[in-house]
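J.: The structure that follows is given in the form of structure tokens.
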Amino acid sequence: QGGGLSSVPPRDSLLLEAGFLAVLVAPLRLLRWGSPAWRPHDGVTFWAVRWLLFRLMFASGVVKLTSRCPTWWGLTALTYHYESQCIPTPGAWLAHQLPVWLQKLSVVATYVIEVAVPVLFFAPLRRLRLFAFYCQVLLQVLIILTGNYNFFNVLTIVLAFSLLDEEHVGRWLGRPRRRQGTGWPPSLGSVLATLTELCTYGLLLCWTVRYFSLELDWDRRVLHSKVAFTYHEFTTWLRTVTLPLVGVAFLSLSWEILLAMYRCACVRGWFWKLWATLQWAIMATATVGLFTVSLVPFTYIEHESNGKLWPGIHRLFGAVERFQVVNSYGLFRRMTGLSGRPEVILEGSHDGHSWMEIEFMYKPGNVSAAPAVVAPHQPRLDWQLWFAALGPHQGSPWFSALVLRLLQGQPDVIRLVQTDESRYPFQARPPTFLRAQLYKYWFTAPGEGSPWWRRQHVQEFFPAVSLGHPTLESLLSQHGLK
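Below, the structure written as structure tokens:
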């Protein structure tokens, strides 16, 4: 909020909320525990992390359809996404070359992982939760390979660890597996659990085939897909399930609270029992409070459900909203760059006739330069230039300030553009003139002349100015930057 460039990005909001939850999850050892690795209330605080992950993923899937973006509804979003995202990776170029049917199938998989699978976060069967965990990790790893989204994907994977248990993590660490009964026939509970899992996977597959019209073409060896429901049908479904999902989450939280209370009762020694119960009461109250307040931003995905919430919940949210301890989410609502990736290219000159391009460290510029790999770092200036290219420069007041500082040769600003002095053409002397051009960029196809990009000039983005130029002075005064 102090940067002044734009509203807080969803990734920063996620970091703020996850950081607050980490205060509850992290061990607080005012007194020494008999067991340093486990506390009775851990299940409650980890549930809060699981609820955050659910809100993030479910909303991210839902908003792709509620936005009515034709590329998400046509399952063609990924045919544009890899080249039009903020800062692609070399893996994005490779993914962009995949056949269209596979790109569309990838969108179907995204919907399944983001909308259907998150419900399994609250499943009572651990193997269903493990299935949900690996689905989320798969999605995040693929995003990491094809795009630079700073810490977001790593943080999402960290949140997904709330779906695991100590036994499963112990296998990764090489701990001996606990002995379990291997007698035959298996117990009734084991049979029912296995049948429930198989039914869940079967329903998930059947619903995917039905609602996305999956059809295998044996002759062409492709799997066709298309959305088999309407916008009205989807919004009706969303209205039907939003509040029941809140109810499922509430039941899951209630179970964790009761289970933690039972564990407190099993602690040996009256003092340690009292101490465990006190911590349980504090953490349970905090978790219930966060869950209650988070219902307001969660139900933003369906306004009728949001209006049915008790007014007191809205007042509670209003009281804590400015602290951003709970937030609304929903990434990639609409796809950009349908006619090519817009890119702002800065140019400088000493005489106003011979212009040299100023190449940024991370964003596309030189068509022969490979896309950068910078995650988990977030080059915010390069990101802001991506947003600036989507509209006129008047919509990005900070751009005038950037031009001013580069004309002045301010070292701190130059280092945001380039840390390698040999790649900054005006290191010896600041440019006398600066301007910006708008280009459209596209990934090349295999075998084209340029190895990575091709581009086409569109128009002037920012007029040529120098220090004291009336246009620059007017823009700076207009935006209060003088």
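The sequence shown lines up with residues 4 to 485 when you count with this note's numbering. Think of the CB as a built atom: it goes at the ideal place given N, C-alpha and C, for glycine as much as any other residue.
Give the secondary structure of A439 by DSSP, where H, G and I count as helix, E and B as strand, and everything else as coil.
T.: strand
J.: Does DSSP put S352 in a helix, in a strand, or in coil?
T.: strand
J.: Starting from the C-beta of K67, find all residues in its chain whose C-beta is less than 6 Å away, skip the five residues before and the five after it, and write them out in chain order.
T.: W75
J.: Mind the definition here: the region 45 to 61 touches the region 251 to 262 only if three or more C-beta pairs lie below 8 Å; say whether that holds.
T.: Segment contact: the region 45 to 61 against the region 251 to 262, three or more CB-CB distances shorter than 8 Å; contact assigned.
J.: So who's on the other strand from Y332, going by DSSP bridges?
T.: DSSP output for Y332 lists no bridge partner at all.
J.: Within 10 angstroms of its Cβ, does F326 collect 16 or more other Cβ (buried), or is it exposed?
T.: exposed
J.: Less than 7 Å between the beta carbons of A391 and S399, yes or no?
T.: yes
J.: So the candidates are S216, V347, T238 and P395; which of them puts its Cα closest to the Cα of S228?
T.: S216
J.: Residues in its own chain within less than 6 Å of V115 by CB, not counting five upstream and five downstream?
T.: T211
J.: Is the CB-CB distance between N156 and I90 below 7 Å?
T.: In this structure, N156 keeps its C-beta atom at 7 Å or more from the C-beta atom of I90.
J.: Since R458 and Y442 should fall inside the 8 Å C-beta cutoff, what is the C-beta to C-beta distance between them, to a whole number of angstroms?
T.: Taking C-beta atoms under 8 Å as the contact rule, R458 and Y442 qualify, at a distance of about 5 Å.
J.: Which one of L293, P395, P179 and W313 has the shortest CA to CA distance from F464?
T.: P395
J.: Compute the Euclidean distance between the alpha carbons of A284 and W273, then round it to the nearest angstrom.
T.: 16 Å
J.: Drop a sphere of 10 angstroms on the beta-carbon of K107, count the other beta-carbons inside from all chains shown, and report buried for 16 or more, exposed for fewer.
T.: buried
J.: Between the beta-carbon of C72 and the beta-carbon of M286, is there less than 7 Å?
T.: no
J.: Kindly indicate the opening and closing residues of the beta strand (DSSP E) around R457.
T.: Counting along the chain, R457 sits inside the beta strand (DSSP E) bounded by residues W456 to V468.
J.: So is P449 buried or exposed if we call it buried at 16+ other beta carbons inside 10 Å?
T.: exposed
J.: For W96, which residues in the same chain have their Cβ closer than 7 Å to its Cβ, ignoring the five residues on either side in sequence?
T.: P374, F446 and W455
J.: How many Å lie between L349 and G412 at the Cα?
T.: 14 Å
J.: Alpha carbon to alpha carbon, how far is W275 from L123?
T.: 35 Å
J.: Quick check: the Cα distance between L341 and L81, rounded to an integer number of angstroms?
T.: 11 Å
J.: Within the present structure, is the beta-carbon of E117 separated from the nearest heavy atom of the ligand MN by less than 6 Å?
T.: Within the structure as shown, the ligand MN is missing, as the structure has no ligands at all.
J.: Report all residues from its chain with a CB closer than 8 Å to the CB of D385; omit the five preceding and five following residues, and keep chain order.
T.: C89, I90, F363, M364, Y365 and K366
J.: Just to confirm my understanding: we take Y83, look at its own chain, exclude 5 residues before and 5 after, and list those with CB closer than 7 Å. What are they?
T.: T74, M338, G340 and L341
J.: Please go through the same chain and pick out, in chain order, the residues whose beta-carbon is closer than 8 Å to the beta-carbon of G205, but skip the five residues on each side of it.
T.: Spatial neighbours of G205 in its own chain (CB-CB distance under 8 Å, excluding positions within 5 residues in sequence) are not present.
J.: Hey, how far is the Cα of A404 from the Cα of T203?
T.: 56 Å
J.: For A372, tell me which candidate among T92, V26, S165 and C267 has the shortest Cα-Cα distance.
T.: T92
J.: Based on Cα-Cα distance, which residue from P314, F237 and R426 lies nearest to G368?
T.: The closest CA to that of G368, considering only P314, F237 and R426, is found on R426.
J.: Roughly how many angstroms lie between the CA atoms of L334 and L59, to the nearest whole one?
T.: 9 Å
J.: Which complete alpha helix (DSSP H) runs does the region 175 to 248 hold, if anything under 4 residues is left out?
T.: 191 to 214
J.: What alpha helix (DSSP H) runs, 4 residues minimum, are completely inside the region 272 to 336?
T.: 273 to 301, 306 to 310 and 314 to 323
J.: For the region 34 to 82, list the alpha helix (DSSP H) runs that are entirely contained and at least 4 residues long, ordered along the chain.
T.: 45 to 69 and 73 to 76
J.: Alpha helix (DSSP H) containing I147: first to last residue?
T.: R129 to T149
J.: Among V144, I417, A126 and D354, which has the Cα closest to the Cα of E200?
T.: A126
J.: Are the Cβ atoms of E305 and T245 separated by less than 7 Å?
T.: yes
J.: For W389 and E259, what's the separation of their Cα atoms in angstroms?
T.: 44 Å
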